[in-house]
Amino acid sequence: MIDRRTALVGGAGLLLAGCDQVAQIPAARKLLFTGETANRVLQRSLQTRFGGRGALAPEFTAADMSPIFRGNGTQNPGTPQYDALVANNFADYRLRIDGLVDRPLSLSLAQIRSLPARTQITRHDCVEGWSAIGKWHGPLLGTLLKAAAVRASARYIVCICADFGGTYYDSIDLIDAFHPQTILAWAMNDQPLSVVHGAPLRLRVERQLGYKQSKYIMEIKAVASLDGIGGGKGGYWEDNVDYDWYAGI
Ligand SMILES: Nc1nc2c(c(=O)[nH]1)N[C@H]1C(S)=C(S)[C@@H](COP(=O)(O)O)O[C@H]1N2
Ligand SMILES: [Mo]
14 MIDRRTALVG GAGLLLAGCD QVAQIPAARK LLFTGETANR VLQRSLQTRF GGRGALAPEF
74 TAADMSPIFR GNGTQNPGTP QYDALVANNF ADYRLRIDGL VDRPLSLSLA QIRSLPARTQ
134 ITRHDCVEGW SAIGKWHGPL LGTLLKAAAV RASARYIVCI CADFGGTYYD SIDLIDAFHP
194 QTILAWAMND QPLSVVHGAP LRLRVERQLG YKQSKYIMEI KAVASLDGIG GGKGGYWEDN
254 VDYDWYAGI
């Protein structure tokens, strides 16, 4: 079970909460007090507590990047609303963060681009049998969820996307939402995210398969249950082609 306080405070708070708990374990005490780096302690703490879910996905170097990174699924939502956003270079785009939060947010792309960001070169694995290595850049999803003050009653984070007339959606739990490699990418391979790859904002949740990497995100909703959303299985592909909700790799 996720420790909700740990999941919600994130960042430095996550580290402190993790150390609190991990200090109870004799072996961990030794690590804590023999100068192992904070990150490594945090990593061990996440692995212990989340059964490996806190482990990091492999990261690669620029030399490993795929010369071609194909698009898949929707490659242009093509709705009048989306076309209007593209025509204006996303100046009118707003990301809404709502649901079980104390401070609902509506953020422009400029605001999102001004947040501290992470860069990661990772491998995308599609369930259909292709992979590609690309570079992703954007703020941690956790940073935005903390800013919105996600409530303790929330259990899942739902991404609502522009395609299929705005009905496409997918969801992850709070462990993945606050994972240190889970970002909202606004750049790919050092360029602003293209329409094919999910402009203006897509999720990277690196421990899961390609279909969990939601593109064209318009709204992020914190919810207690996935029951009332779409067909109730937590995502468009989950509802329509019976893909598993949890697609861990
Ligand atoms: N909104 C949205 N996100 C989506 C999809 C989609 O159809 N719509 N397809 C998914 C699938 S199956 C894959 S493999 C990846 C493809 O990402 P890419 O187009 O950047 O290669 O996006 C995922 N995210
Ligand atoms: Mo996919």
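Using my numbering, the first residue of the sequence shown is number 14, and each one after it goes up by one.
All residues carry an ideal CB built from backbone N, CA and C; glycine is no exception.
- With contacts defined by Cβ atoms closer than 7 Å, D111 and K228 do not form a contacting pair.
- The bridge partners DSSP lists for R136 are I146.
- Under the three-state reduction of DSSP output, E232 falls in the strand class.
- A residue is called buried once 16 or more other Cβ atoms fall within 10 Å of its Cβ, and D183 is buried on that count.
- Contact check for S119 against R136 fails: the beta carbons are separated by 7 Å or more.
- If you draw a straight line from the Cα of Q194 to the Cα of V140, it comes to about 20 Å.
- Following the DSSP letters along the chain, one finds V254 inside the alpha helix (DSSP H) bounded by residues 249-254.
- Proximity of the stretch 163-170 to the stretch 94-104 falls short of the contact definition, fewer than three beta-carbon pairs being nearer than 8 Å.
- Here R217 is not near A190, since their CB atoms are 7 Å or more apart.
- V254 is classed as exposed because its beta carbon has fewer than 16 other beta carbons within 10 Å across all chains shown.
- For A160, the uninterrupted alpha helix (DSSP H) run begins and ends at 154-161, by DSSP.
- Remark: the shortest separation between the CB of V254 and any heavy atom of ligand 2 does not fall under 6 Å.
- P152 is the residue among K159, P152, L113 whose C-alpha sits nearest the C-alpha of I196.
- In the three-state DSSP reduction, R126 falls in the helix class (H, G or I).
- If you ignore the 5 residues before and after R168, its C-beta comes within less than 6 Å of the C-beta of A237, all in its own chain and listed in chain order.
- For Q204, the number of other beta carbons within 10 angstroms of its own is below 16, and it is reported as exposed.
- If you compare the alpha carbons of I173, A145, G244, A175 with that of E219, the shortest gap goes to A145.
- In the three-state scheme derived from DSSP, where H, G and I count as helix and E and B as strand, I81 is classed as coil.
- Rounded to the nearest whole angstrom, the C-alpha separation of R109 and F73 is 32 Å.
- Within 6 Å of the C-beta of N101 there is not a single heavy atom belonging to ligand 2.
- Here W258 has K246, G247, G248, E251 as same chain residues with Cβ atoms under 7 Å from its own Cβ, once five neighbours each way along the sequence are excluded.
- Annotation: L222 to R66 spans about 14 Å, alpha carbon to alpha carbon.
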